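Some notes on the structure that comes next.
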Amino acid sequence: MNKKILFLPLIILVLFLSCTGKKEKLLTQKEIKKHQNASLMNDFLYRRVEQKQKAIDEYVDRLSLEEKVCQLFIENLEGNKNFLPVEKMTLVNPSAGKDDYIIPGGYIFFGYNIADTRDDMKAFNKSIYEYCKKHNKIPPYLAVDQEGGSVSRLKKINTKLLSPLEIASLSIDECKKIYSSQAEQMHELGFHMNLAPVVEVITEENKTFLDDRSFGSKEKVIAYGSHCITSYEDNSIATVLKHFPGNTNTDPHKGLPLINLPENVLMETLVPFEILLEKNPSGVLMSHAITTAIESEKNTPSCLSDYWVNEILRKKFGYDGIIFSDDIFMGALKDNGFPPEIAVVKAIKAGIDVIMISEKRIAIPVNLIVSLASKDEEVVNRINQSVKRIIRYKIKAGILSCEYNKDGSYSINISNQIY
0 MNKKILFLPL
10 IILVLFLSCT
20 GKKEKLLTQK
30 EIKKHQNASL
40 MNDFLYRRVE
50 QKQKAIDEYV
60 DRLSLEEKVC
70 QLFIENLEGN
80 KNFLPVEKMT
90 LVNPSAGKDD
100 YIIPGGYIFF
110 GYNIADTRDD
120 MKAFNKSIYE
130 YCKKHNKIPP
140 YLAVDQEGGS
150 VSRLKKINTK
160 LLSPLEIASL
170 SIDECKKIYS
180 SQAEQMHELG
190 FHMNLAPVVE
200 VITEENKTFL
210 DDRSFGSKEK
220 VIAYGSHCIT
230 SYEDNSIATV
240 LKHFPGNTNT
250 DPHKGLPLIN
260 LPENVLMETL
270 VPFEILLEKN
280 PSGVLMSHAI
290 TTAIESEKNT
300 PSCLSDYWVN
310 EILRKKFGYD
320 GIIFSDDIFM
330 GALKDNGFPP
340 EIAVVKAIKA
350 GIDVIMISEK
360 RIAIPVNLIV
370 SLASKDEEVV
380 NRINQSVKRI
390 IRYKIKAGIL
400 SCEYNKDGSY
410 SINISNQIY
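Numbering of the sequence shown is given in numbering that gives the first Met the number 0, commencing with residue 0 and proceeding in unit increments.
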């Protein structure tokens with residue numbers, strides 16, 4: 000918009016006040032200067048944002064296709080004492096060095112990955128970054144399911160975390176203190192991401208499966224979910240809302256959930272997701288559920304659905320953070336016509352940014368996506384979109400640094416301040 004047009008109301012105001020006395024005219028001139036300074040600051044900040052985005056674009060462009068695709072996965076890892084990667088990069092890129100190993104975008108820690116003491120946990124997590132720094136690999140984000148109650152991976156070494164249902168019976172102030180304390184403890188251990196909270200409303204159709212993992216009613220989910228998100232995010236722990244667009248009493252580890260709600264009722268259950276996404280959680284995790292009310296989705300699990308990922312999350316809800324699939328090795332997919340080799344391709348095409356795999360090896364699915372991308376420029380563009388979101392998050396988390404250069408540009412490097 001033309002700057003002259005923007006300042007026209009101010010000019011009119013000056014002319015009006017010039018008739019009412021010298022003091023008023025002077026105040027107006029100060030106001031004009033204030034607005035001009037604000038405009039200059041806005042321009043400066045906008046240029047900084049542009050320069051940072053340009054640095055991210057250039058950084059991603061320099062990565063090989065294989066490196067990019069590895070960023071699209073979160074997988075499990077070996078042990079809990081000293082980090083050692085398990086797959087050589089030559090499995091996906093024959094020209095890679097013999098000592099080059101695959102490092103995914105992130106690692107998910109299960110119970111057996113949790114050390115017996117806080118010091119041992121910190122040492123294990125630190126060993127991951129020492130390895131990446133030494134071998135010039137993009138460090139992964141470290142994620143864990145720390146929902147509270149029955150799903151508390153860090154129960155051995157963190158303060159006991161009540162279940163969401165229990166927390167929803169406390170005051171909001173108590174809720175904020177509990178989650179802020181958990182975030183501080185997780186950050187101290189070297190974790191970056193909590194695969195929580197569950198922001199599904201408890202209904203008759205899902206209460207057996209969700210049990211104490213939800214805050215309860217729509218009002219409780221919105222109120223307590225909001226403070227859960229901000230308490231973690233404000234204390235350097237990313238949150239991942241789950242499971243969108245919902246679940247049933249069918250355990251997705253064993254079977255395929257079918258949400259049979261009418262469309263208007265189904266959309267009403269998604270109101271908490273829509274409202275809580277305004278709190279800018281770092282991620283959203285898709286469920287495997289099929290929603291029968293949406294004609295085009297009657298045969299498609301939500302985590303493989305362009306409709307739920309793009310039409311609803313991206314366009315309708317305006318979300319631009321990281322979208323995760325749930326574990327593609329769950330029975331819901333592999334036993335119902337969507338084995339991993341099919342699921343990974345469908346997930347990427349649907350717009351999923353990060354594919355979750357409970358296994359410790361990703362070479363086979365990485366090769367599938369690399370092969371697909373080598374024949375389809377649209378898939379390459381999709382990969383680039385997702386990798387840019389992941390790199391942007393890693394800068395926010397302090398895993399990567401975006402450093403200002405003397406020439407006004409930015410450069411992205413492995414952070415020296417992780418530990």
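Glycine is no exception: its CB is placed at the ideal position from the N, C-alpha and C atoms.
Note that this is a predicted model, so its numbers are computed, not measured.
Query, Result
"Among the candidates His252, Ser225, Pro300, whose CA atom is the shortest distance from the CA of Met285?", "Pro300"
"Quick check: the Cα distance between Ser400 and Arg46, rounded to an integer number of angstroms?", "18 Å"
"Starting from the Cα of Ile413, find the closest Cα among Ser304, Arg391, Lys405, Ser216 and give me that residue.", "Arg391"
"Contact defined as beta carbons within less than 8 Å: I believe Ala292 pairs with Leu260. What is the distance between those atoms, to the nearest angstrom?", "6 Å"
"In angstroms with no decimal places, state the Cα-to-Cα distance between Leu164 and Gly336.", "35 Å"
"Whose C-alpha, out of Lys395, Lys405, Ile228, Trp307, is nearest the C-alpha of Tyr178?", "Ile228"
"I'd like the span of the beta strand (DSSP E) that includes Phe214, first residue to last.", "No beta strand (DSSP E) contains Phe214, which DSSP labels as neither H nor E."
"When DSSP labels each residue in this structure, what does Thr116 get in the three-state scheme?", "coil"
"Taking the CB atoms as reference points, tell me whether Val420 and Leu312 lie closer together than 9 Å.", "In the structure displayed, the chain extends from 0 to 418; residue 420 sits before or after that span and is not available."
"Just checking, does the region 344 to 357 make contact with the region 83 to 98 on the three C-beta pairs under 8 Å criterion?", "no"
"Considering just the uninterrupted stretch of the beta strand (DSSP E) at Thr238, what are its terminal residues?", "237 to 243"
"Using 10 angstroms around the beta-carbon of Lys206, count the other beta-carbons present and answer buried if the total reaches 16, otherwise exposed.", "exposed"
"For Glu340, does the count of other Cβ atoms within 10 angstroms reach 16, so buried, or fall short, so exposed?", "exposed"
"According to the neighbour-count rule (16 or more other Cβ atoms, all chains shown, within 10 Å of its Cβ), is Gly20 buried or exposed?", "In this prediction, Gly20 has a pLDDT of 42, which is less than 50 and means its spatial position is unreliable; nothing more can be read from the coordinates."
"Does the distance from the C-beta atom of Tyr306 to that of Val283 stay below 9 Å?", "no"
"State the Cα-Cα distance for the pair Ile226 and Ile289, rounded to the nearest angstrom.", "Before going on, a small fix: residue 226 reads as His here, not Ile. Taking the straight line from one Cα to the other gives about 30 Å."
"Under 8 Å: do the region 149 to 164 and the region 252 to 268 share three or more Cβ pairs, one atom per stretch?", "no"
"Could you check if Val270 is buried or exposed, using at least 16 other CB atoms within 10 Å of its CB as the buried criterion?", "exposed"
"Roughly how many whole angstroms lie between the Cα atoms of Asn279 and Ile221?", "14 Å"
"DSSP state of Lys429, grouped into three classes?", "There is no way to answer for residue 429, as the model of the chain reaches only from 0 to 418."
"What are the residues that DSSP puts in a beta bridge with Met185?", "The partner list for Met185 (beta bridge, DSSP) is empty, contrary to what the question assumes."
"If you run the structure through DSSP and keep just helix, strand and coil, what is Ser410?", "strand"
"How about Val91 and Ala362: are their beta carbons less than 9 Å apart?", "yes"
"Could you work out which residue in Met185, Ser126, Ile137, Lys121 is closest to Gln145 when comparing CA atoms only?", "Met185"
"Using CA atoms only, rank isn't needed, just tell me which of Ile101, Ala122, Ile321 is closest to Leu188.", "Ala122"
"Using the Cβ count rule (16 or more neighbours within 10 Å means buried), how would you classify Gly104?", "buried"
"Rank Ala142, Lys219, Gln384 by C-alpha distance to the C-alpha of Ser168 and give the top, closest one.", "Lys219"
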